[in-house]
Amino acid sequence: MDAGTLYLRLNAWGVFVVDPLIQSTVTFKVTDASPAHFAVYQSALMINQVAPPDLARAVAQQYGTIPAPADGDALERNWIDEGTYVQMSERALDWQTAVSLFVYRQFKPDVLVLRLCAIEEAERELLLSDPRQWRYTPERVQTSARALRRAYELVDGALGRLLAELDLDTAALLVASDRGLMSVHTQLNLNRWLNERKWLTYQKDGVDLTKSKAL
Numbered sequence: 007m008d009a010g011t012l013y014l015r016l017n018a019w020g021v022f023v024v025d026p027l028i029q030s031t032v033t034f035k036v037t038d039a040s041p042a043h044f045a046v047y048q049s050a051l052m053i054n055q056v057a058p059p060d061l062a063r064a065v066a067q068q069y070g071t072i073p074a075p076a077d078g079d080a081l082e083r084n085w086i087d088e089g090t091y092v093q094m095s096e097r098a099l100d101w102q103t104a105v106s107l108f109v110y111r112q113f114k115p116d117v118l119v120l121r122l123c124a125i126e127e128a129e130r131e132l133l134l135s136d137p138r139q140w141r142y143t144p145e146r147v148q149t150s151a152r153a154l155r156r157a158y159e160l161v162d163g164a165l166g167r168l169l170a171e172l173d174l175d176t177a178a179l180l181v182a183s184d185r186g187l188m189s190v191h192t193q194l195n196l197n198r199w200l201n202e203r204k205w206l207t208y209q210k211d212g213v214d215l216t217k218s219k220a221l
């Protein structure tokens with residue numbers, strides 16, 4: 007890469023620095039270079055939000071800006087496949103783990119809290135267990151299951167790296183999950199449901215609160 011130019015290879019990630027001052031980057035990947043079709047995926051703009059400034063500079067020098075997280079919207083639009091989605095999780099999780107270990111070694115904090123969200127993100131996009139789900143196909147079930155298993159392996163590996171750094175005689179590693187997930191196959195538009203039963207009355211600028219029987 008030279009000034010203003012980023013050279014890409016098929017299936018390889020390329021990172022373009024938009025603004026060196028604030029360490030903002032955009033990630034690209036050539037996803038298709040067949041004779042009939044050429045496609046490049048572009049991630050969201052990522053900005054270094056590490057604080058305080060001294061720590062931000064140290065992290066930027068050693069690890070760069072955090073890679074773009076797994077892009078669920080791009081997966082749903084078929085701009086990327088399940089393999090690329092999990093690769094994005096892996097890149098972000100590897101960065102997060104490395105920076106966390108750096109902070110732990112450098113500052114020896116009494117409490118270090120991490121949010122490893124690769125599994126939660128993957129479950130939202132890849133959990134296909136009901137044929138009524140809109141993305142459900144037999145083929146996609148197989149590829150999504152493999153990608154989801156990989157997400158679990160990534161988080162397990164990150165926890166292993168963190169655990170290997172701890173002296174368990176003087177420290178403890180607590181792992182917590184906020185909730186589980188289930189497959190969603192149906193959505194209800196409540197206003198439409200109320201309107202069909204004549205419980206909701208509309209006016210030009212929306213729902214008429216004075217005449218509606220239920221809100």
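When we follow the working numbering, the leftmost residue of the sequence shown carries the number 7, and every step to the right adds one. A virtual CB, placed ideally from N, CA and C, is assigned to each residue, including glycine. All values reported here derive from a predicted model rather than from experimental measurement.
Would you decide whether residue i is buried or exposed? Buried here means 16 or more other CB atoms lie within 10 Å of its CB.
i: Met188; result: exposed
i: Tyr208; result: exposed
i: Met7; result: Because Met7 carries a pLDDT of 44, less than 50, the predicted location of this residue cannot be relied on, and the following value inherits that uncertainty. With fewer than 16 other Cβ atoms within 10 Å, it is exposed.
i: Asp77; result: buried
i: Gln148; result: exposed
i: Ala164; result: buried
i: Pro73; result: buried
i: Thr176; result: exposed
i: Gln193; result: exposed
i: Val195; result: According to the sequence as given, residue 195 is Asn; it is not Val. It counts as exposed.
i: Leu215; result: exposed
i: Ala153; result: buried
i: Thr143; result: exposed
i: Glu145; result: exposed
i: Asn54; result: buried
i: Val5; result: With the chain running from 7 to 221 in the structure shown, residue 5 is simply not present.
With a threshold of 6 Å on Cβ separation, who are the neighbours of residue i within its own chain once the five nearest residues in sequence on each side are excluded?
i: Ala124; result: Ser95, Leu99, Ala157, Leu160, Val161
i: Trp205; result: Lys219, Ala220
i: Lys217; result: Thr207
i: Phe22; result: Leu12, Val32
Looking only at its chain, what residues have a beta carbon closer than 7 Å to the beta carbon of residue i, apart from the 5 residues adjacent to it on each side?
i: Gln121; result: In the sequence as presented, Gln is not what sits at residue 121; that position holds Arg. Nothing meets the Cβ criterion.
i: Ser150; result: Glu88, Leu132, Leu134
i: Ile86; result: Thr37, Tyr47, Asp77, Ala80
i: His191; result: Asp136, Arg138, Gln139
Identify, in the order they occur along the chain, each residue of the same chain with its Cβ nearer than 8 Å to the Cβ of residue i, setting aside the five sequence neighbours on each side.
i: Gly20; result: Met7, Leu12, Tyr13, Leu14, Thr33, Phe34, Lys35
i: Val213; result: Asn197, Leu206, Thr207, Leu221
i: Gly10; result: none
i: Asp60; result: none
i: Arg130; result: Gly78, Leu187
i: Glu230; result: With the chain covering only 7 through 221, there is no way to say anything about residue 230.
Taking the alpha carbon of residue i as the point to measure from, which residue in the options has its own alpha carbon closest?
i: Leu180; options: Leu27, Thr103, Glu127, Val117; result: Val117
i: Gln93; options: Thr103, Pro75, Ala104, Asn84; result: Pro75
i: Ser40; options: Met52, Asp25, Asn17; result: Asn17
Using a beta-carbon distance below 9 Å, is residue i in contact with chain C?
i: Ile86; result: Note that chain C does not occur in the displayed structure, where there is just one protein chain.
query: Touching or not, the segment 47-58 and the segment 22-32, by the rule of three or more beta carbon pairs under 8 Å?
result: yes
query: Would you say the segment 168-180 touches the segment 130-143, given that touching needs at least three Cβ pairs under 8 Å?
result: no
- prompt: With contact counted as at least three CB pairs below 8 Å, one residue from each stretch, are the segment 55-73 and the segment 98-113 in contact?
  reply: yes
field: Length-filtered (4 minimum) alpha helix (DSSP H) runs lying within the segment 65-105
entry: 78-82
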